[in-house]
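Student:
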Amino acid sequence: DTAVSQTPKYLVTQMGNDKSIKCEQNLGHDTMYWYKQDSKKFLKIMFSYNNKELIINETVPNRFSPKSPDKAHLNLHINSLELGDSAVYFCASSQKTGGATEAFFGQGTRLTVV
Amino acid sequence: AQKVTQAQTEISVVEKEDVTLDCVYETRDTTYYLFWYKQPPSGELVFLIRRNSFDEQNEISGRYSWNFQKSTSSFNFTITASQVVDSAVYFCALSERNTGGFKTIFGAGTRLFVKA
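Taken in order, these protein sequences are the chains called A and B.
Sequential numbering of the first sequence, starting at 133, is according to our numbering.
Sequential numbering of the second sequence, starting at -19, is according to our numbering.
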């Protein structure tokens, strides 16, 4: 059973298109995240949701819109894709407790914008 | 503001050597958490360890050990008798309080090559 699964694993698309990445976790966690990893391996948080509510929104362009229909799902929709959006996008989840707990990551979605 | 520095971009060792990956952090919070993650060539991110700011005990897990020193704001990771399977990018991360929860930032990562 995959704990955090995201689809698709690879996504190649043209500039200007709109695309979505889906993420689901079956761990019963309350908090979910989207991270972006660029070609130099820098890993940066984009969004964090706790129980469907947005709690962290880093300075991400408005073209990126996360949607959490329930606490087990956090999808990422990207409008008007640009070359600079090419990266690996990781979904993750963690259990909300009194402190920070480790994140469980999906396998990543490699987005290539051509 | 949060900051995590992994000064070693790449390290190359020969199998069976010991290797230490450095991590230095900055935070103004007194309650924070430190993590190490491993990203093997296959690309997934794997959790290795979590430490809270009130627990300075060092930890050993098999060939892995971690040295947490608040006095120097460091959380270093040592692999003893390295193996080829240890080849990966290793990330140190820091979580501190943020509106609604905790925010985690990652260091730039250290790529470890272990040669047979």
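Every residue, glycine too, gets a C-beta built ideally from N, C-alpha and C.
Measuring alpha carbon to alpha carbon, tell me which of Phe93(B), Gly89(B), Lys95(B), Leu28(B) ends up nearest Phe174(A).
Tutor: Considering only alpha carbons, the answer is Gly89(B).
Student: Residues of chain B with a CB under 8 Å from the CB of Ser200(A): which are they?
Tutor: Per Cβ cutoff of 8 Å: no residues; Ser200(A) is ~14 Å from chain B at best.
Student: Any beta carbon of chain B sitting closer than 7 Å to that of Leu159(A)?
Tutor: Chain B, which has no Cβ nearer than 7 Å to the Cβ of Leu159(A), makes this no.
Student: Determine the burial state of Lys83(B): buried for a count of at least 16 other Cβ atoms within 10 Å of its Cβ, exposed for fewer.
Tutor: Buried: at least 16 other Cβ atoms inside 10 Å.
Student: Quick one: what's got a C-beta closer than 7 Å to Ala135(A)'s C-beta in the same chain, skipping five residues either side?
Tutor: If we look at Ala135(A) and ignore the five residues flanking it on each side, its Cβ neighbours are Gln157, Asn158, Leu159, Phe236.
Student: Which runs of the beta strand (DSSP E) fall wholly inside the region 195 to 240 of chain A and span at least 3 residues, in chain order?
Tutor: With a minimum length of 3 residues, the continuous beta strand (DSSP E) runs that stay inside the region 195 to 240 of chain A are 196 to 202, 205 to 210, 219 to 226.
Student: Below 8 Å on the Cβ atoms is my guess for Val64(B) versus Glu(-5)(B); work out the distance and round it to an integer in Å.
Tutor: Confirmed, about 6 Å.
Student: Distance, Cα to Cα, Cys155(A) vs Leu206(A)?
Tutor: Their Cα atoms are separated by approximately 5 Å.
Student: Of all Cβ atoms in chain A, is any one closer than 7 Å to the Cβ of Phe34(B)?
Tutor: By this cut-off, Phe34(B) is not an interface position.
Student: Between which two residues does the beta strand (DSSP E) holding Val(-6)(B) run?
Tutor: From DSSP, the beta strand (DSSP E) with Val(-6)(B) extends over -10 to -6.
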